[in-house]
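Quick notes on the structure that follows.
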Amino acid sequence: MRKEGTKTIILGAGLSGLGAALASGLPVYEATDRPGGVCHSYYLDEDHMRHDPYVGEVSQCFRFEPAGGHWLFGVSEVSRKKIEGFCPLREYARKAAVFFHQTGTLVPYPLQDCLRYFEDAVRNRILQEVCSDELPSPQRSPSFKDWLLANFGPTLCELFFFPFNERYTCGLYADIAPQDLYKSVVDKQRIRRGAFEDAPNHGYNSVFLYPSGGLDKLVRAMSATCDIHFDHRVVRIDTSLRKVYFENGAVRSYDKIISTIPLHTMIQLCGIDCGQTQDPSTAVLVVNMGAMRGANCPPYHWVYLPSSKSGIHRVGFYSHVDRSFVPQRYREDDRVVSLYAEKSLRGDFPLSAEVKAETCTAIVDELKEWGFIGTPLVIDSTYTDPAYTWSRPESTWAPTAMRELGHRGIHQIGRYGAWRFQGMMESFEEGLSAGQTMAQ
Ligand SMILES: Cc1cc2nc3c(=O)[nH]c(=O)nc-3n(C[C@H](O)[C@H](O)[C@H](O)COP(=O)(O)OP(=O)(O)OC[C@H]3O[C@@H](n4cnc5c(N)ncnc54)[C@H](O)[C@@H]3O)c2cc1C
1415 MRKEGTKTII
1425 LGAGLSGLGA
1435 ALASGLPVYE
1445 ATDRPGGVCH
1455 SYYLDEDHMR
1465 HDPYVGEVSQ
1475 CFRFEPAGGH
1485 WLFGVSEVSR
1495 KKIEGFCPLR
1505 EYARKAAVFF
1515 HQTGTLVPYP
1525 LQDCLRYFED
1535 AVRNRILQEV
1545 CSDELPSPQR
1555 SPSFKDWLLA
1565 NFGPTLCELF
1575 FFPFNERYTC
1585 GLYADIAPQD
1595 LYKSVVDKQR
1605 IRRGAFEDAP
1615 NHGYNSVFLY
1625 PSGGLDKLVR
1635 AMSATCDIHF
1645 DHRVVRIDTS
1655 LRKVYFENGA
1665 VRSYDKIIST
1675 IPLHTMIQLC
1685 GIDCGQTQDP
1695 STAVLVVNMG
1705 AMRGANCPPY
1715 HWVYLPSSKS
1725 GIHRVGFYSH
1735 VDRSFVPQRY
1745 REDDRVVSLY
1755 AEKSLRGDFP
1765 LSAEVKAETC
1775 TAIVDELKEW
1785 GFIGTPLVID
1795 STYTDPAYTW
1805 SRPESTWAPT
1815 AMRELGHRGI
1825 HQIGRYGAWR
1835 FQGMMESFEE
1845 GLSAGQTMAQ
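Under the numbering used here, residues 1415 to 1854 are what the sequence shown spells out, in order.
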């Protein structure tokens, strides 16, 4: 499959870059020393020592992921077969809820389909608002906040959608265009039914998959058949000479590039000025923990939080999905859990070690206060920037930047490269398709 003599290269060995490499056989240049990008696992023992599963034993470690649990959604039969060629997948039925810490109440997710959990007066008011035609019509170019109000009505928005999205988007939800709407499905029939009776699990992630043995196992198996040059961070691209300069001093000529490097970074590396204000991004601080189970540990895979003192918007339990995330000695011992808590921060600024440590402490204290965890066994935090990319209503910044790069032989793909919300499968499939096109 490898195309000899070609000068097309791929930048970045995340899932998009790996997809492109698998479909084309083209060489990949990756900044770090491992494949997977945001999608990988790491192993930590209780002394906070990292262990590499390819060098030593990790069965007595906690398995964590840098941006929190990465679950595969919306996997078609064709893609599943392709992925299972690298690593078997396990299937899980989602258990998710919204947690109202003031009352200690857990309402199953999607909240709009579970109105029966609210007091009669609140439930009836929400039903009247959502199912009547009285909701304000969204404007021509609504913000995410306008869209939420027009679809869920004031009561449900005040209860959950506004405070949750305030945290999740780091305050941007009133300024950005509606995004990832498949996560907030408005099905009036289902909403009416769920106000009075149980409804079957539903939504984009009602069933999800995870690689048996860990996400790192999958991305390493994929990368094993690819030609990847690790520790090659791009620091400049001369688009007139068509040369890529790397931090380690290497230089590579190219005719064409498939790039998964974040769009805002890529235009800087190429010295392009789009003449427009860049669309925003947000970062995420993830605190990974192994801990003793708290008295009120929710029996869910993850919980969404409309309110928290520490600013977190979601907590997920790796060990509620699969016990293989905890050290072998605890797998039969239900008293030990592993989890991640996510807090969004404005993108494009470095997080000082001091602020990171203070934030971590506040998060762990709050989880203890809620009774989610008891004594922590291991705590580790990671910072991903960018984690989420957003666009302002009617902004043309991203298409303009991609067009400018396209004129210079650079094709941007991926969640950050193309600046659009997408999960692992879409990223991988987009990579496969870009690689196939380039290989032809
Ligand atoms: C908090 C969070 C939770 C998520 N949860 C899920 C989930 O549960 N399920 C799901 O399906 N998706 C989830 N996602 C989305 C998923 O992570 C992405 O869709 C996927 O990782 C995108 O892959 P990518 O290859 O496009 O980008 P990346 O993984 O970012 O890969 C880009 C690669 O480019 C490299 N690179 C960057 N700069 C340079 C440079 N200058 N030179 C060379 N290389 C460079 C990076 O090191 C990286 O390896 C989540 C994302 C976040 C942030």
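Backbone N, C-alpha and C fix where the C-beta goes; we use that ideal spot for every residue, glycine too.
**OP:** Measure the Cβ-Cβ separation of residue 1423 and residue 1449 and say whether it is below 8 Å.
**Re:** For the 8 Å CB-CB criterion, residue 1423 and residue 1449 do not form a contact.
**OP:** Would you mind reading off the limits of the beta strand (DSSP E) that contains residue 1704?
**Re:** Annotation for residue 1704: the continuous beta strand (DSSP E) segment containing it runs 1695 to 1707.
Original post:
Name the DSSP beta bridge partners of residue 1443, please?
Top reply: DSSP, once it has assigned bridges, lists 1425, 1643 as partnering residue 1443.
**OP:** Report the option in 1806, 1452, 1506, 1622 whose CA atom is closest to the CA atom of residue 1480.
**Re:** Residue 1452 is the option with its Cα nearest to residue 1480.
Subject >> Inter-stretch contact (C-beta, 8 Å, three-pair minimum) for the segment 1778 to 1796 and the segment 1704 to 1712 >> reply: Yes, the segment 1778 to 1796 touches the segment 1704 to 1712.
Original post:
DSSP state of residue 1574, grouped into three classes?
Top reply: DSSP places residue 1574 in helix when its eight states are reduced to three.
Original post:
Is the closest heavy atom of ligand 1 to the C-beta of residue 1695 under 7 Å?
Top reply: No.
**OP:** Confirm the yes/no value for this check: CB of residue 1493, any heavy atom of ligand 1, distance under 7 Å.
**Re:** Remark: the shortest separation between the CB of residue 1493 and any heavy atom of ligand 1 does not fall under 7 Å.
Original post:
Using the rule of at least 16 other Cβ atoms within 10 Å of the residue's Cβ for burial, across every protein chain shown, is residue 1560 buried or exposed?
Top reply: It is buried - the Cβ of residue 1560 has at least 16 other Cβ atoms within 10 Å.
Subject >> Helix, strand or coil at residue 1810 [DSSP, three-state] >> reply: Reduced to three states, the DSSP call for residue 1810 is coil.
Original post:
How would you label residue 1610, buried or exposed, when you count the other beta carbons within 10 angstroms and need 16 or more for buried?
Top reply: Taking all protein chains in view, the Cβ of residue 1610 is surrounded by fewer than 16 other Cβ atoms within 10 Å, so the residue is classified as exposed.
**OP:** Say yes only if the C-beta of residue 1721 is nearer than 7 Å to one or more non-hydrogen atoms of ligand 1, and no if none qualify.
**Re:** For ligand 1, not one heavy atom lies less than 7 Å from the Cβ of residue 1721.
Original post:
For residue 1838 versus residue 1570, is the C-beta distance shorter than 8 Å?
Top reply: No, these two residues do not count as a Cβ contact at 8 Å.
Subject >> 8 Å CB neighbourhood of residue 1844 in its chain, flanking five on each side removed >> reply: Non-local C-beta neighbours of residue 1844 in its own chain, meaning closer than 8 Å and more than five positions away in sequence, comprise 1430, 1433, 1827, 1828, 1832, 1836, ordered along the chain.
Subject >> Range of the contiguous beta strand (DSSP E) that encloses residue 1779 >> reply: Careful: residue 1779 lies outside any beta strand (DSSP E), inside the alpha helix (DSSP H) at 1767 to 1783.
**OP:** Using beta-carbon positions only, say whether residue 1558 and residue 1516 come within less than 8 Å of one another.
**Re:** Taking 8 Å as the Cβ cut-off, residue 1558 and residue 1516 do not qualify as a contacting pair.
Subject >> Cβ-Cβ distance between residue 1421 and residue 1715 below 8 Å >> reply: No, Cβ-Cβ distance for residue 1421 and residue 1715 is not below 8 Å.
Original post:
Is residue 1452 near ligand 1, with its Cβ less than 7 Å from a heavy atom?
Top reply: Under cutoff, so the answer is yes.
Original post:
Which whole runs of the alpha helix (DSSP H) in the segment 1633 to 1687 are 4 residues long or more, in chain order?
Top reply: Uninterrupted alpha helix (DSSP H) stretches at least 4 residues long and entirely within the segment 1633 to 1687 occur at 1677 to 1683, given in chain order.
Original post:
What number of angstroms, rounded off, separates the C-alpha of residue 1625 from the C-alpha of residue 1503?
Top reply: In a straight line, the C-alpha of residue 1625 is about 4 Å away from that of residue 1503.
Original post:
What is the DSSP secondary structure of residue 1487, reduced to helix, strand or coil?
Top reply: In the structure shown, residue 1487 sits in coil (DSSP, three-state: anything other than H, G, I, E or B).
Original post:
Which of helix, strand or coil does DSSP assign to residue 1456?
Top reply: Judged by DSSP in its simplified three-state form, residue 1456 adopts strand.
**OP:** State the Cα-Cα distance for the pair residue 1643 and residue 1444, rounded to the nearest angstrom.
**Re:** Cα to Cα, residue 1643 sits roughly 6 Å from residue 1444.
Original post:
Who are the near neighbours of residue 1469 in its chain, counting only those whose CB is closer than 7 Å to its CB and skipping five residues on each side?
Top reply: Here the set comprises nothing.
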